[in-house]
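Sequential numbering of the sequence shown, starting at 1351, is according to this note's numbering. Think of the CB as a built atom: it goes at the ideal place given N, C-alpha and C, for glycine as much as any other residue.
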Amino acid sequence: MKDGIRIRPIGMSESEVQGYYSGLCNRTIWPLFHDAIRSPQIEHRWWEPFVSVNARFAEATAKEARKQDVVWVHDFHLPLAPAMVRSLRPGARIGFFLHIPFPAPELFRWLPWREALLRGMLGADLVGMQTIDDAENFVRVCLRLGLAERSEEGLLFEGREVLVGAYPISIDTGAFEGHGQSERTLKSAARLRERMSSRRTILLGVDRLDYTKGIEARLRAFEMLLRSRAMSAKECVLVQIAVPSREHLPDYAQTRTQVEQAVGRINGEFAEPGLIPVHYFRRSFLPEALAAYYRAADVMLVTPLRDGMNLVAKEYVAVRTDEGGALVLSEFAGASRELTQAHLINPHDVESMAGVMLAATREGAAEARSRMSAMRDVVRRHDVYRWADEFLRMLQS
Ligand code: ADQ
């Protein structure tokens, strides 16, 4: 039991963890759905555990759910579950939400199991995506493969309407605003600034250590600015907080090595006595501690190569109740669709990204404040409660 919710764990064998989670989820679907920025691996032996784990979740759900209950299935680990739940509980209203991008049809079609995955998701009454582009990609590939026909609000599949729409996820804005205003946060933010040397501009990155997050490219952009002397260790510091993630997978181990080599290279070349240009923390922080960093940072760098939404961008904006700070945001993050007042960058173009980072540090206070104020309006209006309400209301309509 947690927060009044009964949690029922689903067991998995070691070989299922390998095939299902480390295999098809993290080495096939994850890279493919992030525009194949790492080569997706396609291994037929991973399919069977993927099906059985999805079935186990569906069976456990069907056992818990009464006839007319609402069932909400989440994310790329369980795309087969909606259809499986439907066959066991035909009376249930079933929703499916994908937290990561849905790729273009040309990419999705790489998958040998493309039809099975789509049929699984089409088992839902409502398929929710982070952005309109994702929703359109899903509709287009279903049409292209001849699985469904277009209907007014989505697709017609086996005589049933499947609603498809964009439901951009958000954060508990009130909670982050609370952290932003608390005495403790403000004190720790002031202490952080002091310890980094109070006159320096603080640039900040907060990410899972994942190749989709573009940490290495961000470091290269910063390096470029130091090399060209547009910035110096005296004037600025980049704080990179990275939470370890999926470290047993080769692409993740490689990403860690690349990031750490870049940090070492930059610090080796550009540090001055008492002034380290990159502070790198490879560990997890409590939300209150993150809030202090958000509050201390002059420029927040959210530069993923591809990201379903990116909650860090929204958290930063929510914490800045002082309307200070600037957000540099990748146009390949779902959040860029809503936070249009951010300094938008293309992380594949490192040179231009460096230019925008520099411009963000030099922007006038009035202009910066007006951007932040507009972005704060967006996250205040659209918090995670509204996201859940809208999805569930549509599902039950
Ligand atoms: P993630 O890829 O995990 O989520 P993101 O949306 O940025 O990415 O969420 C990361 C969360 O982890 C944030 O709440 C952040 O505060 C926290 N975090 C990051 N670094 C941390 C650290 N060092 N210590 C503690 N906490 C840390 C997936 C998709 C995203 C989508 C979300 C939600 O990949 O695109 O936005 O789901 O749908």
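(request) Tell me whether S1634 counts as near the ligand ADQ, meaning its Cβ is closer than 7 Å to at least one heavy atom of that ligand. (result) As a position in the sequence shown, residue 1634 is number 284, starting the count at 1. Flag set: Cβ of S1634 near the ligand ADQ.
(request) Return the first residue and the last residue of the alpha helix (DSSP H) that L1708 is part of. (result) Stepping through the sequence shown from its first residue, residue 1708 is reached at position 358. Its alpha helix (DSSP H) spans residues V1700 to R1712.
(message) Quick check on the DSSP output: what are the complete alpha helix (DSSP H) runs of length 4 or more inside the region 1500 to 1576, in order along the chain?
(response) The region 1500 to 1576 contains these whole alpha helix (DSSP H) runs: 1523 to 1531 and 1533 to 1545.
(message) For R1632 and Y1643, what's the separation of their Cα atoms in angstroms?
(response) On the sequence shown, position 282 is the one that residue 1632 refers to. On the sequence shown, position 293 is the one that residue 1643 refers to. Rounded to the nearest angstrom, the two C-alpha atoms are 15 Å apart.
(message) Please state whether the Cβ-Cβ distance between L1382 and L1461 is less than 8 Å.
(response) Reading the sequence shown from its first residue, position 32 is the one you call residue 1382. Reading the sequence shown from its first residue, position 111 is the one you call residue 1461. In this structure, L1382 sits near L1461, with a CB-CB distance shorter than 8 Å.
(request) Pick helix, strand or coil for E1622, following the three-state DSSP scheme. (result) Here the question's residue 1622 lines up with position 272 in the sequence shown. Strand at E1622.
(message) Please classify T1607 as buried or exposed, where buried requires at least 16 other C-beta atoms within 10 Å of its C-beta.
(response) Mapped onto the sequence shown, residue 1607 falls at position 257. Exposed, since its Cβ has fewer than 16 Cβ neighbours within 10 Å.
(request) Compute every distance between the C-beta of G1675 and the non-hydrogen atoms of the ligand ADQ, then say whether any falls below 7 Å. (result) If you number the sequence shown from 1, residue 1675 lands on position 325. No, the ligand ADQ has no heavy atom inside 7 Å of this Cβ.
(message) For Y1370 and F1407, what's the separation of their Cα atoms in angstroms?
(response) The sequence position of residue 1370 within the sequence shown is 20, counting from 1. The sequence position of residue 1407 within the sequence shown is 57, counting from 1. When rounded, the distance between both Cα atoms is 13 Å.
(message) So, with DSSP's three-state summary, where would you put S1720?
(response) Mapped onto the sequence shown, residue 1720 falls at position 370. It is helical.
(message) Going by beta-carbon coordinates alone, are L1559 and V1593 separated by less than 8 Å?
(response) Position 209 of the sequence shown, counted from the first residue, corresponds to residue 1559. Position 243 of the sequence shown, counted from the first residue, corresponds to residue 1593. Yes, they are a contact pair.
(message) Using CA atoms only, rank isn't needed, just tell me which of T1535, M1479 and L1569 is closest to L1636.
(response) Here residue 1636 refers to the residue found at position 286 when the sequence shown is read from its first residue. Of the listed residues, the one whose Cα sits closest to L1636 is T1535.
(request) Quick one: residues in its chain with C-beta nearer than 8 Å to the C-beta of A1415, no 5 flanking neighbours on either side, listed in chain order? (result) Here the question's residue 1415 lines up with position 65 in the sequence shown. Only V1421, V1435, R1439 and A1442 meet the Cβ criterion.
(request) With a threshold of 16 other CB atoms inside 10 Å of the CB of A1539, please say whether the residue is buried or exposed. (result) The residue labelled residue 1539 in the question sits at position 189 within the sequence shown. Under this definition A1539 is a buried residue.
(message) I want to check one thing, is the minimum distance from the CB of A1592 to the heavy atoms of the ligand ADQ below 7 Å?
(response) Taking the sequence shown and counting its residues from 1, one reaches residue 1592 at position 242. Correct: A1592 has its Cβ closer than 7 Å to the ligand ADQ.
(request) Please check the pair Y1517 and G1473, which I expect to be a contact at CB under 8 Å, by giving their CB distance rounded to whole angstroms. (result) The count along the sequence shown starts at 1 and reaches residue 1517 at position 167. The count along the sequence shown starts at 1 and reaches residue 1473 at position 123. Between Y1517 and G1473 the beta-carbon gap is near 18 Å, outside 8 Å, which marks them as no contact.
(message) Rounded to the nearest angstrom, what separates N1376 and P1390 at their Cα positions?
(response) By 1-based counting over the sequence shown, the position of residue 1376 is 26. By 1-based counting over the sequence shown, the position of residue 1390 is 40. N1376 and P1390: Cα-Cα distance of roughly 9 Å.
(request) Determine the direct distance from the alpha carbon of Q1611 to that of P1623, and round the result to whole angstroms. (result) On the sequence shown, residue 1623 is found 273 positions in, with the first residue counted as 1. On the sequence shown, residue 1611 is found 261 positions in, with the first residue counted as 1. Using only the alpha carbons, I get a separation of about 21 Å.
(request) Identify which residue in A1716, G1684, T1690 and L1679 has its Cα closest to the Cα of S1702. (result) Within the sequence shown, the letter at position 352 stands for residue 1702. The closest CA to that of S1702, considering only A1716, G1684, T1690 and L1679, is found on L1679.
(message) Checking 8 Å against the spacing of the C-beta atoms, do H1693 and L1677 come in under that value?
(response) What you label residue 1693 is simply residue 343 of the sequence shown in a count that begins at 1. What you label residue 1677 is simply residue 327 of the sequence shown in a count that begins at 1. Yes, Cβ-Cβ distance for H1693 and L1677 is below 8 Å.
(message) Between the alpha carbons of R1770 and I1482, how many angstroms are there, rounded?
(response) There is simply no residue 1770 to check, as the chain begins at 1351 and stops at 1747 in what is shown.
(message) Among R1459, F1620, C1492 and W1397, whose alpha-carbon lies nearest the alpha-carbon of S1365?
(response) Locating residue 1365 in the sequence shown gives position 15, where the first residue counts as 1. It is W1397.
(request) Kindly say whether V1403, judged by its beta-carbon, lies nearer than 8 Å to any beta-carbon of chain C. (result) No chain C is present in this structure, which holds just one protein chain.
(request) Report yes or no: do three or more beta-carbon pairs, one from the region 1521 to 1535 and one from the region 1637 to 1656, lie closer than 8 Å? (result) With a cut-off of 8 Å, the region 1637 to 1656 and the region 1521 to 1535 count as touching, because enough Cβ pairs lie within range.
(request) Compare the C-alpha of D1648 against each of L1553, L1495, D1385 and E1544 and name the closest. (result) Taking the first residue of the sequence shown as 1, we reach residue 1648 at position 298. Minimum Cα distance to D1648 is reached at L1553.
(request) Keeping to the same chain, check which residues put their C-beta closer than 6 Å to that of K1328; ignore five residues upstream and five downstream. (result) The structure shown does not extend to residue 1328, since the chain is modelled only from 1351 to 1747, so the question has no answer here.
(message) Please state whether the Cβ-Cβ distance between R1510 and P1455 is less than 8 Å.
(response) Within the sequence shown, numbered from 1, the residue matching residue 1510 stands at position 160. Within the sequence shown, numbered from 1, the residue matching residue 1455 stands at position 105. It is not a contact, given that the beta carbons lie outside the stated cut-off.
(request) Report back the beta-carbon spacing between A1571 and A1704 to the nearest angstrom; my notes put them in contact at under 8 Å. (result) Numbered from 1 along the sequence shown, position 221 holds the residue referred to as residue 1571. Numbered from 1 along the sequence shown, position 354 holds the residue referred to as residue 1704. Contact holds; Cβ gap of about 4 Å.
(message) Does the distance between the C-beta of N1660 and the nearest non-hydrogen atom of the ligand ADQ fall short of 7 Å?
(response) Translated into positions along the sequence shown, residue 1660 becomes position 310. Checking the Cβ of N1660 against the ligand ADQ gives yes.
(message) Suppose the cutoff is 8 Å on Cβ atoms and the five residues either side in sequence are ignored; what does the same chain contact list for T1378 look like?
(response) Position 28 of the sequence shown, counted from the first residue, corresponds to residue 1378. Correct list, in chain order: P1390, Q1391, I1392, E1393, W1396 and L1461.
(request) State the beta-bridge partners of I1355 as determined by DSSP. (result) What you label residue 1355 is simply residue 5 of the sequence shown in a count that begins at 1. DSSP, once it has assigned bridges, lists K1352 as partnering I1355.
(message) Closest to A1498 by C-alpha separation, out of V1729, V1512 and A1715, would be which residue?
(response) One-based indexing of the sequence shown puts residue 1498 at position 148. Check the Cα spacing between A1498 and each of V1729, V1512 and A1715: the tightest is with V1512.
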